[in-house]
Amino acid sequence: MTQRTATRDDLDAIMDLERAAFPTDAWSRAAMAAELASPHGRYLVDEEDGRVVGYGGVRAVRGASDADIQTIALDPHVRGTGRGRALLRALLAEARERGAREMFLEVRADNPVASGLYLSEGFVEIARRPRYYQPDDVDAIIMQRSLTERPQDGAAVAAHDAREPLASAENVPTAGEESR
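Number 57 in the UniProt record's numbering belongs to position 57 of the sequence shown; there are no gaps in the numbering.
1) Please list the segments of the alpha helix (DSSP H) lying wholly inside the UniProt domain "N-acetyltransferase" (1-148), counting only runs of 4 or more residues, in order along the chain.
2) Can you have a look at E94 and say buried or exposed, based on whether 16 or more other CB atoms are within 10 angstroms of its CB?
3) Can you give the Cα-Cα distance for L44 and R4, rounded to whole angstroms?
4) Of the choices R128, D75 and D68, whose alpha-carbon is the least far from that of L88?
5) Measure how close the beta-carbons of G41 and E47 come, nearest whole angstrom, since I'm counting them as under 8 Å.
6) In whole angstroms, what is the alpha-carbon distance linking L119 and D75?
7) For A100, I'd like the list of residues in its chain whose CB is within less than 7 Å of its CB, leaving aside the five on either flank, ordered along the chain.
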């Protein structure tokens, strides 16, 4: 597993994963390119044998007290290997480095695997947005966690092990290790 900062050269590989993970509501190429270029966020890619097998992004304006996980997606062949957790932790660290004290994210209500990952990493549900994900009419669960406290590692490992193996993409009934 090799993580590095995503560049514009990674856009094709990211878009391939984006469309596979989020077939009904994938971001446009222009939107993803803007995310990669934004000074207010950071995107990481996870490589295996020179091939991008995952990506994730965080929006964390320097000096702001809060940040948002934008997305995490993995190739189906590497799900269940801890790579999503590693991307999440790297994005949390980036937000902390930029001064954020709280992290927020939205996850589909029909994605218990991703929700379980976030719960095991100290996130809690704070609200729901009915029918947020379109065209599927799926609720968004809004989650939050403090960046000044870390979850207990034993609880995180136990929760992760209970979910193995990870399934398919976030926006299909069988959930995956992807998030918006």
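Heads up, the beta-carbon is just placed ideally off N, CA and C, and yes, glycines get one too.
Just so you know, these numbers come straight off a predicted model, no measurement behind them.
The answer reads as follows:
1) List check, alpha helix (DSSP H) in window: 11-21, 29-37, 83-97 and 112-120.
2) buried
3) 5 Å
4) D68
5) No, G41 and E47 are not in contact; Cβ-Cβ is about 20 Å, not under 8 Å.
6) 22 Å
7) A60, A64, S65, D66, A67 and L147
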